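Right, one structure below, let's go through it.
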Amino acid sequence: MAFKVIKENVLKSNDNIASVIRESMKKSKTLMINIISSPGAGKTTLIEKIPPMLKDAGIRFAVLTGDCFTTNDATRIDKAGAEVVQINTGNSCHIDAQFIRSALSEINMDSLDLLIVENVGNLVCPAEFDIGEDCKIVILSLPEGDDKPKKYPLVFTESELVLLNKVDLLGHLPFDIDECIKNIQGVNSRVPIIKISSLKGDGIDEFIGWITKRINIKKEK
Amino acid sequence: MHELTITKNLVSLLEDAVRPNDVGLVKTVHLEVGRLRYLVPEIMTTCFSQIEKSDKLKQAKLDLKVLPVKLRCSDCDKESCADENNFTCSFCLSQNVDIISGKEFILKSIEW
Numbered sequence: 190m191a192f193k194v195i196k197e198n199v200l201k202s203n204d205n206i207a208s209v210i211r212e213s214m215k216k217s218k219t220l221m222i223n224i225i226s227s228p229g230a231g232k233t234t235l236i237e238k239i240p241p242m243l244k245d246a247g248i249r250f251a252v253l254t255g256d257c258f259t260t261n262d263a264t265r266i267d268k269a270g271a272e273v274v275q276i277n278t279g280n281s282c283h284i285d286a287q288f289i290r291s292a293l294s295e296i297n298m299d300s301l302d303l304l305i306v307e308n309v310g311n312l313v314c315p316a317e318f319d320i321g322e323d324c325k326i327v328i329l330s331l332p333e334g335d336d337k338p339k340k341y342p343l344v345f346t347e348s349e350l351v352l353l354n355k356v357d358l359l360g361h362l363p364f365d366i367d368e369c370i371k372n373i374q375g376v377n378s379r380v381p382i383i384k385i386s387s388l389k390g391d392g393i394d395e396f397i398g399w400i401t402k403r404i405n406i407k408k409e410k
Numbered sequence: 180m181h182e183l184t185i186t187k188n189l190v191s192l193l194e195d196a197v198r199p200n201d202v203g204l205v206k207t208v209h210l211e212v213g214r215l216r217y218l219v220p221e222i223m224t225t226c227f228s229q230i231e232k233s234d235k236l237k238q239a240k241l242d243l244k245v246l247p248v249k250l251r252c253s254d255c256d257k258e259s260c261a262d263e264n265n266f267t268c269s270f271c272l273s274q275n276v277d278i279i280s281g282k283e284f285i286l287k288s289i290e291w
């Protein structure tokens with residue numbers, strides 16, 4: 190019997206492409222955020238809500254939106270006044286670095302301060318793939334239940350911001366917000382949490398403030 | 180179903196590894212996967228059997244070792260394991276911890 194030691198990261202080819210993307214974002218000083226959540230948690234609704242506020246703040250931005258098959262999300266985001274590119278992942282339940290590399294050929298990064306990636310709705314797989322982003326942001330919506338951080342810890346440990354969405358439903362659901370925050374901090378004690386309602390607008394200013402701060406940090410680098 | 184993408188990546192790494200002439204028909208592929216990766220070994224095995232491979236890899240079996248979540252505490256500087264998804268230092272109960280293991284995905288070795 191013969192043996193060969195390899196010791197190689199299985200996702201090496203993805204991570205290599207992600208590094209190239211990260212390097213090009215560094216050159217153009219564009220902040221790239223990767224928004225991850227379950228289907229229906231409110232990713233698209235949030236992205237529809239923010240274009241006027243980003244424009245008011247003087248932030249130049251574009252959106253890459255991922256979906257297995259449809260262009261529904263891109264149509265909604267386009268109507269909301271944002272430059273958008275649809276990424277159809279087919280049978281893949283997440284966006285990997287290769288999808289981003291292809292989509293970026295349609296966008297002029299030099300004119301952008303912010304690139305928003307809306308990942309495919311899924312709390313497991315998107316957390317695993319580096320796409321060259323500056324940070325992952327996870328949205329957890331109240332109807333999903335307060336135990337999700339315990340069930341899907343990786344996405345919460347990998348994220349630099351948690352958005353607790355649909356807070357306008359507080360009191361209408363068997364959702365314990367203190368328990369949820371405890372569960373989030375149980376897997377990532379340092380992550381900031383912003384309570385929002387993408388539909389009603391609560392907390393969106395705070396979210397825009399967070400983004401603006403991160404854009405400024407990136408520009409200074 | 181991240182297993183399919185991940186297994187495709189694995190096969191492409193394996194093809195590079197078996198290319199040299201001295202490598203024979205591979206019997207076992209040893210992998211180390213962190214618990215936080217939430218990989219289902221059975222699905223991965225199915226994906227592996229379905230993906231097109233060169234002759235040297237056709238009979239290979241996957242041996243998947245799951246690595247536990249390990250934490251290092253920034254307060255007391257000790258290391259501990261986290262069996263549940265509540266990442267707290269076992270010694271001083273601080274939540275000021277870094278995950279130092281549990282996210283790995285490593286092709287460790289091949290046997291033939």
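Listed in order, the protein sequences are those of chains A and B.
Convert by adding 189 to the 1-based position in the first sequence; the result is the number in our numbering.
Convert by adding 179 to the 1-based position in the second sequence; the result is the number in our numbering.
The beta-carbon is built from N, C-alpha and C at its ideal position, and this holds for glycine as well.
All values derive from a computational prediction rather than experimental measurement.
CB contact check: residue i to chain B, cutoff 8 Å
i: A191/A; result: yes
i: C324/A; result: no
i: V209/A; result: no
i: I366/A; result: no
i: V194/A; result: yes
i: V327/A; result: no
Buried versus exposed call for residue i [16 or more other C-beta atoms within 10 Å across all chains shown]
i: T259/A; result: exposed
i: D223/B; result: Note that residue 223/B is Met in the sequence shown, not Asp. Result: buried.
i: L272/B; result: exposed
i: P315/A; result: buried
i: P241/A; result: exposed
i: F270/B; result: exposed
i: S300/A; result: exposed
i: R214/B; result: buried
i: D256/B; result: exposed
i: M141/A; result: Summary: the structure shown does not reach residue 141/A, with chain A confined to residues 190 through 410, and so no result is reported for it.
i: L359/A; result: exposed
i: K410/A; result: exposed
i: G203/B; result: exposed
i: N223/A; result: buried
i: K325/A; result: buried
i: H181/B; result: buried
i: S330/A; result: buried
i: E221/B; result: exposed
i: P247/B; result: exposed
i: I328/A; result: buried
Rounded separation between residue i and residue j - CA only
i: K287/B; j: V205/B; result: 14 Å
i: I397/A; j: V212/B; result: 37 Å
i: N198/A; j: A239/B; result: 19 Å
i: S226/A; j: K402/A; result: 23 Å
i: K371/A; j: V208/B; result: 40 Å
i: E283/B; j: R216/B; result: 8 Å
i: L189/B; j: F227/B; result: 9 Å
i: L304/A; j: K268/A; result: 18 Å
i: E263/B; j: V197/B; result: 38 Å
i: I373/A; j: E272/A; result: 33 Å
i: E347/A; j: C252/B; result: 18 Å
i: L312/A; j: K216/A; result: 30 Å
i: I206/A; j: H283/A; result: 16 Å
i: G355/A; j: A261/B; result: The amino acid at residue 355/A is misidentified as Gly; the sequence shows Lys. Answer to the nearest angstrom: the Cα atoms are 31 Å apart.
i: M214/A; j: N297/A; result: 11 Å
i: G255/A; j: S294/A; result: 16 Å
i: D391/A; j: L235/A; result: 11 Å
i: D204/A; j: I320/A; result: 8 Å
i: L352/A; j: S387/A; result: 10 Å
i: T219/A; j: I385/A; result: 25 Å
i: E368/A; j: K337/A; result: 11 Å
i: E317/A; j: Q287/A; result: 14 Å
i: D262/A; j: Q275/A; result: 8 Å
i: E258/B; j: L250/B; result: 6 Å
Residue(s) in a DSSP beta bridge with residue i
i: V209/A; result: For V209/A, which the question treats as bridged, DSSP gives no partner whatsoever.
i: I222/A; result: I305/A, C324/A
i: T260/A; result: Beta-bridge pairing links T260/A to no other residue.
i: S280/B; result: K249/B
i: V273/A; result: V252/A
i: F192/A; result: E290/B
i: L241/B; result: V208/B
i: E258/B; result: R251/B
i: G213/B; result: L246/B
i: V351/A; result: V327/A, I382/A
i: I285/B; result: N198/A, E211/B
Residue-chain proximity (residue i, chain A), Cβ-Cβ < 8 Å
i: I278/B; result: yes
i: I230/B; result: no
i: L286/B; result: yes
i: I222/B; result: no
i: E290/B; result: yes
i: F270/B; result: no
i: Q274/B; result: yes
i: F227/B; result: no
- Residues, ordered as in the chain, of the segment 280-291 of chain A that lie near chain B by beta-carbon distance below 7 Å: S281, C282, H283, D285
- Query: In chain order, what residues of the segment 373-395 of chain A put their CB closer than 9 Å to some CB of chain B?
  - Reply: Q374, G375, V376, N377, S378, R379
- Task: Closer than 7 Å, Cβ to Cβ, to anything on chain A: give me those residues from the segment 185-219 of chain B, in chain order.
- Result: Close to chain A, meaning a Cβ-Cβ distance shorter than 7 Å, are the following residues of the segment 185-219 of chain B: I185, N188, L189, S191, L192, A196, V202, G203, L215, R216, Y217.
- Item | Interface positions of the segment 329-357 of chain A facing chain B (Cβ-Cβ less than 7 Å), listed along the chain | K339, P342, L343, T346
- Of the residues that make up the segment 199-227 of chain A, which ones have a beta carbon closer than 9 Å to any beta carbon in chain B? V199, L200, K201, S202, N203
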